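Participant:
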Ligand code: GAL
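Numbering (the numbering used here), first residue to last: 280 to 1074.
1) Considering just the uninterrupted stretch of the beta strand (DSSP E) at residue 651, what are its terminal residues?
2) Residue range of the beta strand (DSSP E) that residue 713 falls in?
3) Just reading off the alpha helix (DSSP H) that residue 951 is part of, what are its end residues?
4) Answer yes or no: do residue 910 and residue 956 have a C-beta to C-beta separation smaller than 8 Å?
5) When the Cα atoms are used, what is the spatial distance from residue 776 to residue 423?
6) Return yes when at least one heavy atom of the ligand GAL lies under 7 Å from the C-beta of residue 716, else no.
7) For residue 683, collect the residues of the same chain with a Cβ closer than 8 Å to its Cβ; drop the 5 residues on either side in sequence, then sort them by chain order.
8) Under the criterion of a Cβ to heavy atom distance below 7 Å, does residue 750 qualify as lining the ligand GAL?
9) If distances are taken between C-alpha atoms only, which option among 364, 392, 801, 915 comes closest to residue 384?
10) From residue 646 to residue 745, what does the alpha carbon distance come to, in whole angstroms?
11) Quick check: residue 952 and residue 928, are their CB atoms within less than 8 Å of each other?
12) I need the boundaries of the beta strand (DSSP E) containing residue 847, first residue and last residue.
13) By the three-class DSSP mapping on this structure, what secondary structure does residue 1099 have?
14) Just how far apart, CA to CA, sit residue 707 and residue 700?
15) I want to know whether the stretch 1048 to 1060 touches the stretch 955 to 970 - three or more CB-CB distances under 8 Å.
16) How is the beta strand (DSSP E) around residue 530 delimited, first residue to last?
17) With distances taken between CB atoms, is the gap from residue 660 to residue 651 smaller than 8 Å?
18) Can residue 450 be considered in contact with the ligand GAL, in the sense that its beta carbon sits closer than 7 Å to one or more heavy atoms?
19) Can you tell me which residues form a DSSP beta bridge with residue 464?
20) Identify whether residue 583 lies in helix, strand or coil by the three-state DSSP scheme.
21) Who pairs with residue 738 in a beta bridge, going by DSSP?
22) Between the alpha carbons of residue 879 and residue 754, how many angstroms are there, rounded?
23) Is any heavy atom of the ligand GAL found at a distance shorter than 7 Å from the C-beta of residue 847?
24) How far does the beta strand (DSSP E) with residue 519 in it reach, from first residue to last?
25) From the DSSP output, in three-state form, read off residue 766 for me.
26) Can you name, in chain order, every residue of its own chain whose Cβ lies under 6 Å from the Cβ of residue 559, other than the five neighbours on each side?
27) Helix, strand or coil for residue 391 per DSSP?
28) With H, G and I counted as helix, E and B as strand and the rest as coil, what does DSSP make of residue 982?
29) For residue 806, I'd like the list of residues in its chain whose CB is within less than 6 Å of its CB, leaving aside the five on either flank, ordered along the chain.
30) Taking the alpha-carbon of residue 1101 as reference, which of 526, 445, 972 has the nearest alpha-carbon?
31) With burial defined as no fewer than 16 other Cβ atoms inside 10 Å of the residue's Cβ, what is the status of residue 991: buried or exposed?
32) Mapping the DSSP letters down to three states, classify residue 613 as helix, strand or coil.
33) Three Cβ pairs or more, each shorter than 8 Å: is that satisfied between the stretch 786 to 796 and the stretch 475 to 483?
34) Is the beta carbon of residue 1115 sitting closer than 8 Å to the one on residue 1057?
35) What's the call for residue 756, buried or exposed, on a 16-neighbour Cβ count within 10 Å?
36) Does the structure place the stretch 1061 to 1073 close enough to the stretch 934 to 945 that three or more beta carbon pairs sit under 8 Å?
Here it is, written out as structure tokens:
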């Protein structure tokens, strides 16, 4: 699989259960105590230097402001296994043996995938071997002396680990349990007296890896062997929601929990810092006590804060070992004003469909219910349901149809000009919807998709959101004897699910690969393209994400441009035989500069990058590098910098709050809208908190993404600490994002003369939906660390 930009991942976690037997904390400092207890999160078992969790075994802490990060110092009791690895492609049972002579093997750097080190596009088996000495002094110095942990950074995808010839752990595996077959951080814990460990002698670690496609091997930045510390079994779980109090203050409950029977006693320090001045505006310390099954909960309330994010720091210090764990997060703040009770019609100004195919469009509108909908100028063959705003039917004649939508309630009436383009191009504006992957990974099921659809209807479709897309994990293990594909037991009735989604006026998406297997190891469409397209048509699918994955085994090692195009041309031809409008989303991570030929091959969008993660490094590296592909965006054909990482994400059974800070999330949505990217929400829709919902329902921001001109913003200015991106809009206006890429507050001046914005005198802050006053030709704005000011300029 792919992971081109970053190497940190959430740790695998065990569900804690704070509702039962929590050690009570009747928090005293200030205000209300929220009584809502949040479940979730868990015991963090993996080290990850800049990731979600990290062990701390020291007394002095170097605090780095990473929104959800744990911090350690330099005296960790362990050894680095970062250097000295050797590698061979292929597979042999002898390679696990310590006696095997690996002198002729090539050296390899475990911080980078093997693709980048002389094995381009290699998928399949590879072995890593390392000879190292494990000094018993690390055991002697450790507070707990009973276990060691081997951290292997990221493994892509599946591994078996042998220490001195003995299998000490494995994850996934070819033909193994495909549900656990997944790239990600890998750590193994062993008892210190395990006979496989040779203390003070040479040890041989041999790792057999199977890669299913894309990047492969060991990579990342956490390769070491440590004694397990007390903190390795502790989680500071901040994944509960913030609650907005009546005065717009905030309250929240966090949990300290452990899977260990050790009784943890110590202090929890809670600190609120103003990131602009670095002043601590509040600090307090509480005694804490927790053990397995009895977490400690801490509830705090903060009085009303100005509209921006403050830094919260939770520090737990264990009293016997003096080990420390630190976690930071930012406070959420809402910018999008409440929608008016008067009717307003949102969404794009244009919609494309093919002649003769089923047509479905829900008019997105806000305002106090009940709303009644009407339209003039609808082409023959379409009808509008005046109660739901859903337009259905079929149009036979090609043409541009000028329509006027009207939405009425008892507070008023609103109209909007709209164009229905019946022709060859669909997806005239980027897709707006949800995709299961970033939330649920391979654990997606019918129920989760229904929750997503219902939530979209209740909270989001009024703002234009409409696709409910299943990613990998819906497919049965085997095709029927006829070759037909069927869903697995998690989707008992795919047609029923699709009908349900359509009944809400929404659309349904699905996922496959041109290879024999998907990236998650499920069935792909290889040599069944016509059959699969027909099945999708029969179910009523509206969107197909088509992921290269194991097509790497079919394509030659160094595909030519034609060979990159081929699998997409094959499926395009199959989809063309189906009497449905199916959006075609290419997922091949930008190979062969897909943006240059994606439109010609019939893609409505194409991934221009590897997989995104919910870190600043990943999101900002992807977002701010959409430069070469920019000019190729056009109505019907868009670059796809991957799905959104806001809300509760998790790629599996356990979700956590996005590790992007609130300001980073404003940057994410602003930048993706400027880039005319498909906006596919990647969170658990059943758990949308107020901040996330507010972030996703700003009609003026969404309008920038959905602008009918279909242009992508260009990077107009790049300084060391900030960037300006400008997007041309259909009405002659410009959308401008001023991004602070540094970790300090900055005052930035946008000079309209320099940025080709001369004569644009009206400046509207679209997040706050209010006009700003410019100082002459300059707009001076204060921008939060990793934050944005997004404005629309008009003449
Ligand atoms: C990856 C793809 C992800 C997701 C996953 C499913 O290759 O980039 O977005 O679709 O496969 O296995």
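C-beta: ideal position from N, C-alpha, C; glycine also. These figures come from a predicted structure and were not determined experimentally.
Facilitator: This is what the structure holds:
1) 651 to 655
2) 711 to 714
3) 941 to 953
4) no
5) 52 Å
6) yes
7) 654, 655, 656, 694, 695, 696, 697
8) yes
9) 364
10) 18 Å
11) no
12) Careful: residue 847 lies outside any beta strand (DSSP E), inside the alpha helix (DSSP H) at 840 to 855.
13) No answer is possible for residue 1099: it lies beyond the span of the chain, which begins at 280 and ends at 1074.
14) 9 Å
15) no
16) 529 to 537
17) no
18) no
19) 433
20) coil
21) DSSP lists no partner for residue 738.
22) 29 Å
23) no
24) Looking at the DSSP string, residue 519 is not in any beta strand (DSSP E), and its letter there is neither H nor E.
25) strand
26) 550, 552
27) coil
28) helix
29) none
30) The requested residue 1101 does not occur in the structure, where the chain is confined to residues 280 to 1074.
31) buried
32) coil
33) no
34) The structure shown has nothing for residue 1115, since the chain only spans 280 to 1074.
35) exposed
36) yes
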